[in-house]
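Residue numbers (full-length UniProt numbering): 1 to 386. Structure, as structure tokens:
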């Protein structure tokens, strides 16, 4: 049973502050989509006057004025920069009883999140789980024997135990339906339309990256196997392009060897990241298992046309032929042909860039997170009436 924002009467009238326990598999110093979404939610809840505690395997002592309780964790063997949360139900039960939350928010549940949802159910505390990582697709890319099947079972168990699962895109909702997860709803992501803006173009950076006027083709995100960045090899070898990668990850050394002509800018944040986006001519995304793809939305906000695979989250973000193009997932030839089309037609790039900006200019984090709080109130109300 899927629930969409425009079909469910959310409980927005009640403005009493809530006590929210956020359990997240990823948090600072990790920089990824889950961490960034959690940070935005925390900042919104702080401004709204709610009381919050965070439970995570990493992180500072507090964030946005809210305490962070750290759990035990272990390094993920296929992604050494990522720690998974490992905590007993007994410890989570003690945290929940001490904090006495009105609702549990579980961000991208895996091992820690599954435990948290099950404890919340045991204690009768309503929970909202955020589906943000395609664990099945992730394990499939790493070709781990039995990995996709185990990930499917873990995803189904974690989300089926929650009162409501919120997914960021229509394709993610379809994935959940295929896994047998019910009580789902659509909760997209906002974008900082001031930080990511066409006016942030850095002409000095452009001159440094492309001194001979090459078309700058950029990617922003993790440098990891599941992102399929090998698809950029032909573009990087072509002298008419300058391929630029922003981010870090376990595949960086391998990619530097595979793409010797590309420029690696490392992990950028804040205004430096905004300038990097706005200084591109074309944004490309290569991973075909994205539940949303915030990088695509940030590129659109920056006024950059996007070339993305015809799968996953980008399907909800890119208007094919208007704000960018879709290519057949995994096809470097199809990817290359669409990049070439934009390279050969600067006016098309400009026109698509203008449409790209307009397509996301209204998607503020404020409105998106207000809808999330309404979901909190809705599951609280439903639990009280049960």
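Ideal Cβ positions, reconstructed from N, Cα and C, are used throughout, including at glycine. Treat the numbers as computed from the prediction; the structure is a model and nothing was measured.
Between residue 359 and residue 323, the gap from beta carbon to beta carbon is short of 7 Å.
Beta-bridge pairing by DSSP links residue 325 to 307. Your pair residue 185 and residue 375 checks out as a contact, with CB atoms roughly 7 Å apart and the cut at 8 Å.
The DSSP-derived three-state label of residue 34 is helix. For residue 354, the uninterrupted alpha helix (DSSP H) segment begins and ends at 346-360. Close CB contacts of residue 294 within its chain, under the 6 Å cut and outside five residues either way in sequence, are with 33, 189 (chain order). When the five nearest sequence neighbours on each side are left out, the beta carbons in the same chain lying within less than 8 Å of the beta carbon of residue 205 are those of 275, 276, 279, in order along the chain. By alpha-carbon distance to residue 46, the top candidate from 158, 64, 59 is 64.
The region 122-191 contains, as complete alpha helix (DSSP H) runs of 4+ residues, the segments 135-141, 147-160, 170-178 (chain order). In this structure, the beta-carbon distance from residue 104 to residue 54 does not fall below 7 Å. Residue 62 sits in a strand when the DSSP states are folded into three classes. For residue 47, the secondary structure class from DSSP, reduced to helix, strand or coil, is helix. Going by DSSP, residue 19 is part of the beta strand (DSSP E) stretching over 19-24. Taking each of 29, 30, 50 in turn and checking the Cα distance to residue 369, the smallest one comes out for 50. About 11 Å separates the beta carbons of residue 242 and residue 207, which is beyond the 8 Å limit, so they are not a contact pair. Nearest to residue 220 by C-alpha distance, out of 162, 245, 92, is 245. A Cβ-Cβ distance of about 5 Å is found for the pair residue 130 and residue 107, placing them in contact under the 8 Å criterion. About 5 Å separates the CB atoms of residue 312 and residue 171; that is less than 8 Å, so the two are in contact. Where residue 363 is concerned, there is no enclosing alpha helix (DSSP H), because DSSP gives it neither an H nor an E. Membership of residue 227 in any beta strand (DSSP E) is not indicated, and neither H nor E is assigned to it by DSSP.
Around the C-beta of residue 88, fewer than 16 other C-beta atoms lie within 10 Å, and the residue is accordingly described as exposed. The alpha carbon of residue 248 has as its nearest neighbour, out of 31, 98, 19, 40, the alpha carbon of 31. Under DSSP, the beta-bridge partners assigned to residue 56 are 70. Look at residue 99 here: in three-state DSSP terms it is helix.
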